[in-house]
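2 protein chains.
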Amino acid sequence: MTPVRRGQWQTAADVLSQVARQPGITRAAVARTLRLSTGSATEVTARLRDVHLLTEAPAPSQGRGRPTTVLQAHPEGPVVLALDLRQSSWRGAVVALDGTLQHPQSQRHRSRRAQVVLKNLRQAVERTQAQYGDRLQLVSLAVPGTVRDNHLMQAPTLEWAELDLAQVTADVDVPLLAGNDATLSGVAEARTGAAAGAGTAVHLIIEVGIGGTLLIDGVPAQGASGAGGEYGHMPFGDRSRTCPCGARGCWDLEIDGRALARHLKQPTPDDPVAYAGEVLGRTDRPARAAVTRVVTALGYGIAGLVNAHDPDVVTIGGLAIPLRAAAEDTFREAYESGLMTFHRGSPPPVLPATHQLDGPLRGAAALALDQLTSEPAVAAWAAQR
Amino acid sequence: MTPVRRGQWQTAADVLSQVARQPGITRAAVARTLRLSTGSATEVTARLRDVHLLTEAPAPSQGRGRPTTVLQAHPEGPVVLALDLRQSSWRGAVVALDGTLQHPQSQRHRSRRAQVVLKNLRQAVERTQAQYGDRLQLVSLAVPGTVRDNHLMQAPTLEWAELDLAQVTADVDVPLLAGNDATLSGVAEARTGAAAGAGTAVHLIIEVGIGGTLLIDGVPAQGASGAGGEYGHMPFGDRSRTCPCGARGCWDLEIDGRALARHLKQPTPDDPVAYAGEVLGRTDRPARAAVTRVVTALGYGIAGLVNAHDPDVVTIGGLAIPLRAAAEDTFREAYESGLMTFHRGSPPPVLPATHQLDGPLRGAAALALDQLTSEPAVAAWAAQR
DNA sequence: CCCATTAAACTCGTCCTCCGAGCATAAACG
DNA sequence: CGTTTATGCTCGGAGGACGAGTTTAATGGG
């Protein structure tokens, strides 16, 4: 491989980033945002066409003037495989440079045993490799658990032991990028969802416990080993209660179906999400009181995170949406009373996430495309052709 | 001003960043880290010399081979004025591109009234402007309070009302960069202190209450309006207690001299820092018990932040250092028992900050130099010469 | 229906930076 | 004092981005 010159493909990579972040963007629009002269735009797109990274299609004309073109992924360009592993199923899609999804696939787990599930994923990777050959550049995997350097450290819903996720790509010579599902759904919100355009965003999602992430310019704060964003294990709660994570007083214990069951003096439910849905449907006084307590804990905690991070916006997903909806006034009161005074004038909005089930897959795709559209990756791809 | 070409000064700016981040670095070392050929290094340094950004001095020889040169700030190059406003005094220094401090100055406040203090700062800026002329590019100000878009929102120790800090540079045509002192001391730690080299770091400093910041690659997470890092106002504490900030259950209320006084059933001290020092010197049982409670709250809170952010390292400053030292075992126990299990194998070290009083000034200088060594700023300076 | 208007693409000469190869230079070592 | 070693310097060449000038493809008014 020829050595990469400094910044040789910088502008080309910038153009590709635009295409990945705003599918369907036109050449003229890219040139405007990057402040490229029309000459440079012509040259850059020609070069990207030559190395099979982009194609152009006529854009619908917008009034007078010569019509511009829509920049699209080249039919022989690089792709990534995005995978979303969930408790009872997995989903996947091949994603091209312009963010278009191809070959969506999904499958329920026949067995929930780790080795069986991972084998299925490995086969999906192999099938993709067989179909796309060396166009497949990266596999990006969303997992419902704490991920650290491509190892799954703990996964309460899956009930798996610590695990090396790299085996998913063991059969092929393609790097793996594994991440927490809540983190990745946050990425999706920050790129194309409710937090689009926010410089600083906090994303939270309640399923069993609470997961989330801090996003700065659309990039998640993943921490030293990728385990950042475990907001559920901040001690916002009652210190006398021990959490399965090993710590005490975790926020996690106050805001999900397990908390509702405790308040209602019932045993911990097998499926806390379904249980929570059921309680939310009830109108009796004890249920309402339990919901109020949980929503209050949610509002206070979010306020604490807003104090700490000063985000432009907070996005919430999963159970947090119906929970808040079930007691909007309670939520608002808890949220605002937990804010520092100077935030109260215009508190950051707490918005429902727009990508629901698609979030982790979309986020995994987005982070993978970040890699593909980085200058070194573009230069390396171009050098191969 | 001539329009800036894309990436025209990119490598030059990279070289300057190296010089700013590692004062005393040699030309050969820069070339190695940036993977520049010797020819490029020659050309880049020559260009930087031409536009008065760098000079070279012979470096002490290190074994065989032709000796290299140390890259230094040019005597007619750009400078910034770093200011550190404290409760009873202020300090300042002029900082050149290579991080060297010139004309250190400090002055106790004669009056603590905001207008008087700000007038003194304004005069310091004017004096610097008179001496350095248009070499002065930026004023960077550390303030002990919450800063939002160059406005001071609340400053408990100064007891000032909301205030526009831009008046500090009102007399001169130089931009201001105001920031929280705890945030800036975190920057100093992450750049040249105990957290040097850490990808993700959490910095905390106790004086009156607790301040801090999350640092990613040495860049503080400042939030939407610069008010990020108010970790003292996360609800780690007793929800029945109201904080002067307006929220309830703030961690702030559990970890400083005011907390010690409360545990000892004494009135809130006028100078909580001095009071804490005094309690730390006592050996009687009630004092020890109060310290234990505070240190426990400190350890738990830090563990929560580690769970949330997964940092490489935590740095602590101010009162946190003697507090922990007064009850090391208590601290360790609280810290480790607050961590999620998978962190306990190798918990992130909690290290004392190495920049003590210098921290905010150094951090303010570092962020200012970041701006000066950015590509657009370098290109703009070069265009003027 | 034709021509003015408009926005965008294309062409080309020029500038600039970075690279690599070859050469020069200043120290230390034996 | 020559050899070794690390570094600096010179110069031709490559390649990207720019800007000015030109061309092209649409709209819309007369």
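Just so you know, the protein sequences line up as chains D and S, in that order.
One point on numbering: in the UniProt record's numbering, the residue at position 100 of the first sequence is 100, and numbering is uninterrupted.
One point on numbering: in the UniProt record's numbering, the residue at position 368 of the second sequence is 368, and numbering is uninterrupted.
Built from N, CA and C at the ideal position, the CB exists for glycine as well.
Supposed close pair A182 of chain D, P311 of chain D - CB separation, criterion 8 Å: Contact flag wrong, Cβ pair sits at about 16 Å.
Beta-carbon within less than 7 Å of T296 of chain D's beta-carbon, same chain only, minus the 5 sequence neighbours each way: which residues are those? Non-local C-beta neighbours of T296 of chain D in its own chain, meaning closer than 7 Å and more than five positions away in sequence, comprise T330, A334, ordered along the chain.
So for Q129 of chain D, helix, strand or coil by DSSP? Note: Q129 of chain D maps to helix in three-state DSSP.
Between the alpha carbons of R191 of chain D and P78 of chain D, how many angstroms are there, rounded? Cα to Cα, the separation comes out at about 21 Å.
Around the C-beta of V116 of chain S, are 16 or more other C-beta atoms found within 10 angstroms, so that it is buried, or is it exposed? The residue is exposed, with fewer than 16 neighbouring Cβ atoms inside 10 Å.
Interface residues of chain S around P235 of chain D at Cβ under 8 Å? Those within 8 Å of P235 of chain D in chain S are F236, Y300, G301, A303, G304, G338.
Give the residues from the region 191-203 of chain D that approach chain S closer than 8 Å (Cβ to any Cβ), ordered along the chain. Listed in sequence order: A198, G199, T200.
Using Cβ-Cβ distances below 9 Å, what residues of the region 333-358 of chain D are close to chain S? Across the region 333-358 of chain D, CB contacts with chain S closer than 9 Å involve S337, G338, L339, M340, T341, F342, H343, R344, P348, in sequence order along the chain.
State the CB to CB distance for the pair L298 of chain D and V80 of chain D, rounded to an integer number of angstroms; the pair is presumed to be in contact (CB under 8 Å). L298 of chain D to V80 of chain D, Cβ: 35 Å. No contact.
Counting only Cβ pairs nearer than 7 Å, list the residues of chain S close to T11 of chain D. Chain S residues near T11 of chain D: R6.
Cβ neighbour criterion (16 or more within 10 Å) applied to T341 of chain S: That one is exposed.
Neighbour flag for S225 of chain D against chain S, beta carbons, 9 Å: Yes - at least one Cβ of chain S is within 9 Å of the one on S225 of chain D.
From the DSSP secondary-structure annotation, give me the bridge partner or partners of R6 of chain S. DSSP, once it has assigned bridges, lists no residue as partnering R6 of chain S.
So A216 of chain S contacts chain D; which residues on that side make the cut at Cβ distance below 8 Å? What sits at residue 216 of chain S in the sequence shown is Ile, not Ala. Result: I216, A221.
Beta strand (DSSP E) runs wholly inside the region 282-319 of chain D, at least 3 long, in chain order: Secondary structure in the region 282-319 of chain D: the beta strand (DSSP E) runs of 3 residues or longer, each lying completely within the stretch, are 313-318 in chain order.
List, in chain order, every chain D residue whose beta-carbon is nearer than 9 Å to that of R248 of chain S. The answer, in chain order, is Y300, S337, G338.
Is the region 139-155 of chain S touching the region 44-54 of chain S in the sense that three or more CB pairs, one from each, lie closer than 8 Å? Touching, no.
In chain D, which residues lie less than 8 Å from A308 of chain S when you measure between Cβ atoms? Within 8 Å Cβ-Cβ: G228, G229, E230, Y231, H233, M234.
Going residue by residue through the region 72-116 of chain D, where are the continuous beta strand (DSSP E) segments of at least 3 residues, counting only ones entirely within it? Along the region 72-116 of chain D, the beta strand (DSSP E) occurs as fully enclosed runs of 3 or more residues at 79-85, 89-96, 101-108, listed in sequence order.
Whole angstroms is fine: what's the gap from P156 of chain D's alpha carbon to E189 of chain S's? Between the C-alpha atoms of P156 of chain D and E189 of chain S there is a straight-line separation of about 36 Å.
I'd like to know whether the C-beta of R293 of chain S is nearer than 9 Å to at least one C-beta of chain D. Interface flag for R293 of chain S against chain D is unset, since no Cβ pair is found closer than 9 Å.
DSSP three-state assignment for H203 of chain D, whether helix, strand or coil: In the three-state reduction of the DSSP assignment, H203 of chain D falls in the strand class, which pools E and B.
With DSSP collapsed to three states, give me the class of A383 of chain D. The answer is helix: DSSP assigns A383 of chain D an H, G or I state.
Residue-chain proximity (A380 of chain D, chain S), Cβ-Cβ < 9 Å: The beta carbon of A380 of chain D sits no closer than 9 Å to any beta carbon of chain S.
Test: E162 of chain D CB closer than 9 Å to a CB of chain S: At a cut-off of 9 Å between beta carbons, E162 of chain D contacts chain S.
With a threshold of 16 other CB atoms inside 10 Å of the CB of T68 of chain D, please say whether the residue is buried or exposed. Around the beta carbon of T68 of chain D, a 10 Å sphere encloses 16 or more other beta carbons of the protein chains shown; the residue is thus reported as buried.
For D371 of chain S: DSSP bridge partner residues: The residue you asked about is not Asp; residue 371 of chain S is Gln in the sequence shown. Partner(s): none; Q371 of chain S has no beta bridge.
Measuring straight from C-alpha to C-alpha, what distance separates T33 of chain S and A178 of chain D? Straight across, the Cα-Cα distance linking T33 of chain S with A178 of chain D is about 29 Å.
Can the beta-carbon of A227 of chain D be found closer than 9 Å to that of V313 of chain D? In this structure, the beta-carbon distance from A227 of chain D to V313 of chain D does not fall below 9 Å.
Along the region 257-275 of chain D, what residues have a CB closer than 7 Å to any CB found in chain S? Here the close residues number zero.
Bridge partners for S140 of chain D per DSSP, in chain order? Paired residue(s): D:A82, D:L177.
What are the boundary residues of the alpha helix (DSSP H) that includes R32 of chain S? Annotation for R32 of chain S: the continuous alpha helix (DSSP H) segment containing it runs 27-34.
Reference L253 of chain S; option with closest CA among S:E278, S:V208, S:D284, S:R282: Measuring from the Cα of L253 of chain S, the nearest candidate turns out to be S:V208.
Please check the pair L249 of chain D and N180 of chain D, which I expect to be a contact at CB under 8 Å, by giving their CB distance rounded to whole angstroms. In the sequence under discussion, the amino acid at residue 249 of chain D is Gly, which differs from the Leu named in the question. About 22 Å separates the beta carbons of G249 of chain D and N180 of chain D, which is beyond the 8 Å limit, so they are not a contact pair.
Between the Cα of R86 of chain S and the Cα atoms of S:E43, S:V70, S:L158, S:P58, which residue gives the shortest distance? With distances taken between Cα atoms, R86 of chain S lies closest to S:L158.
Residues of the region 133-166 of chain S in Cβ contact with chain D at a cutoff of 9 Å, in chain order, please. Correct list: T146, R148, M153, Q154, E162.
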